[in-house]
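A.B. asks:
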Amino acid sequence: MTDTIVVTGLGCISAAGNDVAEFESTLFNPELVSSIAPTNIIKPDENIPFLAAQVNNYNGSDYFPKKEIKLLDRYAQFAMISAEQAVKDANLVFDTTNKHRTSVVHGTSIGGQETIEHSYYELYSQGKSRAHPFTVPKLLPSSASASISMKYGITGPTFTTASACSSSGHAIAMAALMLRSNLIDHAIVGGAEACITKGNFYAWNGLRVLSNDTCRPFAQNRSGLVIGEGAATLILERESSAKARNATIYAKLAGIGMSSDAHNIVQPLTEGAILAMEAAIKDANISTTDIAYVNAHGSGTMQNDLSESQAILAVFNPELCSPLVSSTKAAHGHLLGAGAALEAIAVILALKKQAVPATFNVLNKDPLCAINLVTKNNTKAEVNYAMSNSFAFGGLNTTLIFQK
Amino acid sequence: MDHIEAQLQQIISEYTEKDFKQELAAQAFDDLGIDSLSLVEIIFDIEEAFDIKIPQDNDLENLGGSLNSYDDVLQLVKKLVKESNHND
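See the structure below:
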């Protein structure tokens, strides 16, 4: 029997809080306070509502010395901050006994977008004739994983997963497979994103999926998604190793499911979502009735929310069970490549608190999304297993199941 | 047929295999083989061609407009072009 994989450390930074305690307080606060507002990172522009879920009062120099921050794009800074919180939380020290057997897998959808746009602005708009020497090291989507590895001297498998909004879901899944196959003993996994930039907003706006009021997943009057930023990191290890070192165990990673729609670069396919959820349930060796809570991908777009509702209703036969469903994206925004990791933490907190975080901003539920949507915050529930969905453009899907 | 209609038909015909005929005008884009991704591109082409801004879907719904068929789009574009000329 394969050793169970457990989560022993958590770290995060987002608009919903600069660490896990703040995140927990925002998510489960009975007074719903949305963190979505016009960003102050980009100059206002009549063409686009620059609504974002931005990390509050962030100043990189509060976290990094001058020499270090020069080499880190904003997304990599967030990755480092969340990783440091998680490693500390897990009470892990890396030395010659474990550094070869530890892996860093961090996901990002875009990588160093701020660095790319800054450099192009200088070249194309300001007519500069040279790019800063750190442009390449900063923009690489693998720079966050590499930086975490360098900080802790970790010499095991280190790489970045990039599958748009499922990036950190795939990161967690890849690390779980390496732990199961005994290739590694510990994994620092998660995702980071920081793309509140003019070019990126114009690009997303071109797809007509950005909300012009706020993020209202599964609501009748939903208007689209709101870009968020930040990072989340989890420490994974086998249960035997966690117990041997008396680590705090937050939850078990009971099942992973992955699928591809093989359909369309932006339109989701219900069947692909069903495949991912069913694969995770099979992997966890449980039945649908065991799952009390689903943290939906719930991006707030017309298409995702309808397709995901249909998929949830297909997997969870309403005659047998009707798990509580919420999307926490209305609280923390759509963190793209970091979303799955941050929402995994939301699920783990739900298991810990035996309560379900609400879907913020829903005035009227969309009757076409006939799921058991939670809109009242801190809803108490007996949750032994909880599921988290991440469905990405390109139809790349991941589902994770955590157990108390 | 005025120039708005002519230009609109030219834009939309780039996205469908079917020859444009008047009886297709009321048919849903879905039935003409125009999916939502193509529609996003069509909206972009229209905004570029007529120098107008098509409202977001939720705003459009509140205004009682829709983008389901050629007729819907034609009605909306004529209205927006007229408003834009008035503002000039």
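From first to last, the protein sequence lines are chains A and B.
Position 248 of the first sequence, counting from 1, maps to 248 under the numbering used here, and the rest follow consecutively.
Position 37 of the second sequence, counting from 1, maps to 37 under the numbering used here, and the rest follow consecutively.
Ideal placement from N, C-alpha and C gives every residue a C-beta, glycine not left out.
Bear in mind the structure is a predicted one, so any value in this text is a computation, not a measurement.
Among Gln403/A, Leu368/A, Leu335/A, whose alpha-carbon lies nearest the alpha-carbon of Leu349/A?
C.D. replies: Gln403/A
A.B. asks: Considering only DSSP beta bridges, list what Arg440/A is partnered with.
C.D. replies: Residue 440/A lies beyond the stretch modelled for chain A, which goes from 1 to 404, so this question has no answer here.
A.B. asks: Gln303/A lies in the beta strand (DSSP E); which residues open and close that run?
C.D. replies: First-last for Gln303/A: 302-315, but that is the alpha helix (DSSP H), not the beta strand (DSSP E).
A.B. asks: What first and last residue would you give for the beta strand (DSSP E) that runs through Thr398/A?
C.D. replies: 396-403
A.B. asks: Identify each residue in the segment 37-48 of chain B for which the Cβ-Cβ distance to at least one residue of chain A is less than 8 Å, and report them in chain order.
C.D. replies: Leu37, Val40, Ile43, Phe44
A.B. asks: Say whether the segment 78-90 of chain A touches the segment 126-142 of chain A, bearing in mind that this needs 3 or more beta-carbon pairs closer than 8 Å, one atom from each stretch.
C.D. replies: no
A.B. asks: Three-state secondary structure (DSSP) at Ser36/B?
C.D. replies: helix
A.B. asks: Residues of chain B with CB under 8 Å from Gln303/A, in chain order?
C.D. replies: Residues of chain B whose Cβ lies closer than 8 Å to the Cβ of Gln303/A are, in chain order, Ser36.
A.B. asks: For Phe71/B and Glu46/A, I'd like the C-alpha separation in whole angstroms.
C.D. replies: The amino acid occupying residue 71/B in the given sequence is Asp; Phe does not appear at that position. Rounded to the nearest angstrom, the two C-alpha atoms are 29 Å apart.
A.B. asks: Do you know how far the Cα of Ser103/A is from the Cα of Ala392/A?
C.D. replies: 24 Å
A.B. asks: Rounded to the nearest angstrom, what separates Cys195/A and Thr115/A at their Cα positions?
C.D. replies: 10 Å
A.B. asks: Mind checking which residues open and close the alpha helix (DSSP H) that includes His297/A?
C.D. replies: Here His297/A belongs to no alpha helix (DSSP H), and DSSP marks it neither H nor E.
A.B. asks: Once you ignore the five residues that flank Leu76/B on each side, which residues in its own chain have a CB closer than 6 Å to its CB?
C.D. replies: Cβ within range, chain order: Gly65.
A.B. asks: With DSSP as the reference, label Leu63/B as helix, strand or coil.
C.D. replies: Looking at Leu63/B - three-state DSSP - the assignment turns out to be coil, as it is neither helix nor strand.
A.B. asks: Please return the same chain residues whose Cβ sits closer than 7 Å to the Cβ of Glu93/B, not counting the five positions on each side in sequence.
C.D. replies: Coverage of chain B is limited to positions 1 through 88, which leaves residue 93/B absent and any answer about it impossible.
A.B. asks: Would you call the segment 189-206 of chain A in contact with the segment 305-320 of chain A, where contact means no fewer than 3 C-beta pairs closer than 8 Å?
C.D. replies: Fewer than three pairs of CB atoms, one per stretch, sit closer than 8 Å, so the segment 189-206 of chain A makes no contact with the segment 305-320 of chain A.
A.B. asks: From what residue to what residue does the beta strand (DSSP E) around Glu229/A run?
C.D. replies: Run containing Glu229/A: none; DSSP gives neither H nor E here.
A.B. asks: Comparing alpha-carbon positions, which option in Ile48/A, Lys243/A, Ala21/A lies nearest Ala346/A?
C.D. replies: Ala21/A
A.B. asks: My output table needs one value for Ala381/A: the three-state DSSP class, helix, strand or coil.
C.D. replies: Residue state for Ala381/A is assigned as coil, using DSSP reduced to three classes.
A.B. asks: May I ask which residues mark the beginning and end of the beta strand (DSSP E) holding Gly255/A?
C.D. replies: 251-260
A.B. asks: Taking all protein chains shown into account, decide if Ser84/B is buried (16 or more other Cβ within 10 angstroms of its Cβ) or exposed.
C.D. replies: Exposed, since its Cβ has fewer than 16 Cβ neighbours within 10 Å.
A.B. asks: Under 8 Å between beta-carbons, which chain A residues line up against Gln75/B? List them in chain order, please.
C.D. replies: Result: empty, since nearest Cβ-Cβ is about 19 Å, beyond 8 Å.
A.B. asks: So is Asp31/B in contact with chain A if we call contact Cβ pairs under 8 Å?
C.D. replies: Residue contact check for Asp31/B against chain A: no CB pair falls below 8 Å.
A.B. asks: Determine whether the Cβ of Val266/A lies closer than 8 Å to any Cβ atom of chain B.
C.D. replies: It does: the Cβ of Val266/A has a partner Cβ on chain B nearer than 8 Å.
A.B. asks: Using DSSP bridges, identify the partner residues of Cys369/A.
C.D. replies: Looking at the DSSP output, Cys369/A sits in no beta bridge, so it has no partner there.
A.B. asks: With hydrogens ignored, establish whether the beta-carbon of Ser147/A is closer than 7 Å to any heavy atom of the ligand NAP.
C.D. replies: As far as ligands go, the structure on display features none, and thus does not contain the ligand NAP.
A.B. asks: Using a Cβ-Cβ distance under 8 Å, would Asn58/B count as near chain A?
C.D. replies: The beta carbon of Asn58/B falls within 8 Å of a beta carbon belonging to chain A, placing the residue at that interface.
A.B. asks: Since Ser327/A and Gly169/A are thought to touch, with beta carbons under 8 Å apart, how far apart are those beta carbons, to the nearest angstrom?
C.D. replies: 15 Å between Cβ atoms; not a contact.
A.B. asks: Report, in whole angstroms, the separation of the C-beta atoms of Val209/A and Gly224/A, which I expect to be a contact under 8 Å.
C.D. replies: 5 Å
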